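J.: Chains as they are written, first to last, in the working numbering: chain Z, 1 to 260; chain F, 261 to 441. Sharing a structure below in structure tokens format, with a few things to ask.
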Amino acid sequence: MTDKEITEKIYRNLDGELNASELHELEKHLSEHPQAAQFYKEWELIRMQLDKEQKTQVDIDLKQEILKRINMETYKQPPKKEKITVIRSFWSRPVVKFGFVFVLGVFAGFMVFSFLKTDYSGAVAPTMEMKGTMYDSRSFDEMKNSDILQYDSPLAKAVCNVRYSTKIVEIRLDLSSLDPIKSTIEFDYNNFTVLNVQNVSINDKSTAMAAGNFIQINNVGDSKFIFQLYNKNSLPHDIDFKIFQNDSPIYQNSVQVNKE
Amino acid sequence: MTKKDDNELVYEVIHGSISSFEALVDRYQKTIFNMMFRMVGDYETAKDLTQDVFVKAFEKMGGFNFKYRFFSWIYRIAVNEAINWNRKRPTTESIDRTESWLIDTAVQDRKEEKSNLLHFELRKLEADYRVLVLLKYYCNMTYEEIAETTLIPVKKVRSRLFIAREQLKKGLIAKGFFEYD
Numbered sequence: 001m002t003d004k005e006i007t008e009k010i011y012r013n014l015d016g017e018l019n020a021s022e023l024h025e026l027e028k029h030l031s032e033h034p035q036a037a038q039f040y041k042e043w044e045l046i047r048m049q050l051d052k053e054q055k056t057q058v059d060i061d062l063k064q065e066i067l068k069r070i071n072m073e074t075y076k077q078p079p080k081k082e083k084i085t086v087i088r089s090f091w092s093r094p095v096v097k098f099g100f101v102f103v104l105g106v107f108a109g110f111m112v113f114s115f116l117k118t119d120y121s122g123a124v125a126p127t128m129e130m131k132g133t134m135y136d137s138r139s140f141d142e143m144k145n146s147d148i149l150q151y152d153s154p155l156a157k158a159v160c161n162v163r164y165s166t167k168i169v170e171i172r173l174d175l176s177s178l179d180p181i182k183s184t185i186e187f188d189y190n191n192f193t194v195l196n197v198q199n200v201s202i203n204d205k206s207t208a209m210a211a212g213n214f215i216q217i218n219n220v221g222d223s224k225f226i227f228q229l230y231n232k233n234s235l236p237h238d239i240d241f242k243i244f245q246n247d248s249p250i251y252q253n254s255v256q257v258n259k260e
Numbered sequence: 261m262t263k264k265d266d267n268e269l270v271y272e273v274i275h276g277s278i279s280s281f282e283a284l285v286d287r288y289q290k291t292i293f294n295m296m297f298r299m300v301g302d303y304e305t306a307k308d309l310t311q312d313v314f315v316k317a318f319e320k321m322g323g324f325n326f327k328y329r330f331f332s333w334i335y336r337i338a339v340n341e342a343i344n345w346n347r348k349r350p351t352t353e354s355i356d357r358t359e360s361w362l363i364d365t366a367v368q369d370r371k372e373e374k375s376n377l378l379h380f381e382l383r384k385l386e387a388d389y390r391v392l393v394l395l396k397y398y399c400n401m402t403y404e405e406i407a408e409t410t411l412i413p414v415k416k417v418r419s420r421l422f423i424a425r426e427q428l429k430k431g432l433i434a435k436g437f438f439e440y441d
């Protein structure tokens, strides 16, 4: 035990706060440490003196002086206000009421806003008349015009109309040839991803297939295709359009999308 | 007739009973005066301050909270009065007076001298510490009761009492308190 601990225990013993085991421990310590025993003895003397002082209190009667000062005959105590405690049920508490009204108001506001902003004019448009792409609410007509590439020769004819929106690039390709030709649309896979290849009007000899960075069309006769690319970053990029016959290029050009 | 408890008397005082207030004064004036006397070291001042305590208690009784014990409430008023008085007055004045009185009474018997020494050393303690010693040893309060009276946490009461006792003993040793036996 440290000196402070033993001092504290001595004080607690003098105040009668030690239990039996603590008292035993203290007695043992005091018997082994004469200095601590001396300290304890001194404090016992002080305590005894304090007890004596406590017993020898000065007797005094100040009642009359106090009453005179108070002048109770004329003094009137202010009536004590009774505390009125109103016990309210949970739903009648002002906080709950106002909270409920607030939530109801927000909900009603939202409903009115939704009702006013809804466009009911086109709600029953037949599916056939629906325009635009699967991934963009804007129709092809409303997209930004990139370019229209045209090739016209005795061997083949091609019209490649490219338009774009923020997220979509749509390419509408019309091909016409008597003999088999191959056409490619090439792009950087970091900038575009093929979303959709749609054969609008083809014969059984024409095919279109998509890969990571190009679309290849093998065509004989008249065909119409729609290709949709996902516009990854809305930065200006080129898309190359090529036509081959017997693996020899006969036409090559490019368009730029995301011009602005 | 059974003795009414403090809170019953307070209730009656609030409702206009003079005799109940007298009963409370009878019950507490002696201990409060003695504590005051040991706090301020002057008989007349202690008398005035004790009267002040009861007048204040009477005036504030309308707001008494029956959750608490009356004795700790009135002791709190007394403690505040005593500490305020000590703050307003230079402490050296009364100590010097006590010391000169001690010298004058040096020829008195040893028992009385020991008592005087204890008084003197108590008076030398800071008012905040002195009040704790007085509440503990003169009013016989427990640590919890002291805490309730002074509005100081029990832990702090213990640590402050520890310091007060150390200072008191140091002073008593220096004055040769233990050589009288």
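Virtual Cβ for every residue (Gly too), placed ideally from N, Cα, C. Computed from a prediction, not measured in an experiment: that's the story for all the values here.
1. Starting from the N-terminal side, write out each stretch of the beta strand (DSSP E) that is 3 residues or longer and does not extend beyond the segment 166-208 of chain Z.
2. Take Ile-70/Z and list the residues in its own chain whose beta-carbon comes closer than 6 Å to its own, dropping the five residues that flank it on each side.
3. Give me the residue from Asn-219/Z, Asn-213/Z, Ala-210/Z with the minimum Cα distance to Asp-204/Z.
4. Could you list the residues in the segment 40-55 of chain Z with a C-beta less than 9 Å from some C-beta on chain F, going in chain order?
5. Counting only Cβ pairs nearer than 8 Å, list the residues of chain Z close to Gln-427/F.
6. Using the C-alpha atoms, what's the distance from Lys-316/F back to Asp-61/Z?
7. So does the segment 27-39 of chain Z actually touch the segment 369-388 of chain F, counting three or more Cβ pairs closer than 8 Å?
8. Does Glu-282/F have its Cβ less than 9 Å from a Cβ in chain Z?
9. Who are the Cβ neighbours of Tyr-151/Z in its own chain at under 7 Å, not counting the five residues just before and after it?
10. Going straight from the alpha carbon of Arg-163/Z to that of Gly-105/Z, what length do you get?
11. Report buried or exposed for Gln-228/Z, applying the criterion of at least 16 other Cβ atoms within 10 angstroms of its Cβ.
12. Would you mind working out which of Ser-234/Z, Gln-256/Z, Lys-232/Z sits nearest Phe-241/Z, comparing C-alpha positions?
13. Helix, strand or coil: how does DSSP classify Arg-163/Z here?
14. Which chain Z residues sit within Cβ distance under 7 Å of Val-315/F?
15. Check whether chain Z comes within 9 Å of Leu-395/F, counting only Cβ atoms and requiring the distance to be less than that.
16. Who are the neighbours of Val-285/F on chain Z, taking C-beta pairs under 7 Å?
17. To which residues of the same chain is Pro-249/Z closer than 8 Å at the C-beta, ignoring the five residues directly before and after it?
18. In chain Z, what lies closer than 9 Å to Asn-400/F by C-beta?
19. Can you list the residues of chain Z that Lys-374/F reaches, using a CB-CB cut of under 7 Å?
20. Alpha carbon to alpha carbon, how far is Ile-423/F from Lys-416/F?
21. By the criterion of Cβ-Cβ separation under 7 Å, what are the contact partners of Asp-59/Z in chain F?
22. Which bits of chain Z does Thr-310/F rub up against, with CB to CB less than 7 Å?
23. According to DSSP, is Asp-265/F part of a helix, a strand, or is it coil?
24. Provide the residue(s) that pair with Ala-156/Z in DSSP beta bridges, ordered along the chain.
25. Of the choices Tyr-288/F, Arg-349/F, Tyr-271/F, whose alpha-carbon is the least far from that of Lys-327/F?
26. Taking Cβ to Cβ, would you say Tyr-230/Z is nearer than 9 Å to Thr-193/Z?
27. Looking at C-alpha atoms only, which residue of Tyr-303/F, Val-285/F, Asp-388/F, Leu-378/F is the closest neighbour of Val-339/F?
28. Can you pull out the residues from the segment 377-396 of chain F whose beta carbon lies closer than 7 Å to at least one beta carbon of chain Z?
29. Chain F beta carbons: is any one of them nearer than 9 Å to that of Asp-3/Z?
30. Consult DSSP for Ile-60/Z and reduce its assignment to one of helix, strand or coil.
31. Might you give, ordered along the chain, the residues of its own chain that have their beta carbon closer than 8 Å to the beta carbon of Leu-14/Z, omitting 5 neighbours on each side?
32. Do we get a CB-CB distance below 9 Å when we pair Ile-230/F with the residues of chain Z?
33. Indicate whether Gln-427/F and Ile-66/Z have their beta-carbon atoms separated by less than 9 Å.
34. Leaving out five residues on either side along the sequence, give the residues of the same chain with a beta carbon under 6 Å from the beta carbon of Met-299/F.
35. Starting from Asn-294/F, find everything on chain A with Cβ-Cβ shorter than 7 Å and list it in chain order.
36. Could you say which of Lys-41/Z, Gln-35/Z, Ala-36/Z, Phe-110/Z lies nearest to Phe-438/F if we only look at CA atoms?
T.: Concretely, from the data shown:
1. 168-186, 192-201
2. none
3. Asn-219/Z
4. Lys-41, Glu-42, Trp-43, Leu-45, Ile-46, Arg-47, Gln-49, Leu-50, Asp-51, Lys-52, Glu-53, Gln-54
5. By Cβ distance, chain Z contributes nothing, its closest Cβ being about 12 Å from Gln-427/F, past 8 Å.
6. 18 Å
7. no
8. yes
9. Lys-157, Ala-158, Ile-243, Tyr-251
10. 46 Å
11. buried
12. Gln-256/Z
13. strand
14. Ile-66, Arg-69, Ile-70
15. no
16. Lys-63, Ile-66
17. Lys-242, Ile-243
18. Gln-54
19. Gln-49
20. 11 Å
21. Lys-290
22. Leu-62
23. coil
24. Ser-177/Z
25. Tyr-271/F
26. yes
27. Asp-388/F
28. Leu-378
29. no
30. coil
31. Trp-43, Glu-44, Arg-47
32. Past the edges of chain F, shown from 261 to 441, lies residue 230/F, and the structure says nothing about it.
33. no
34. Ala-342
35. Any reference to chain A falls outside this structure, whose protein chains are Z and F.
36. Lys-41/Z
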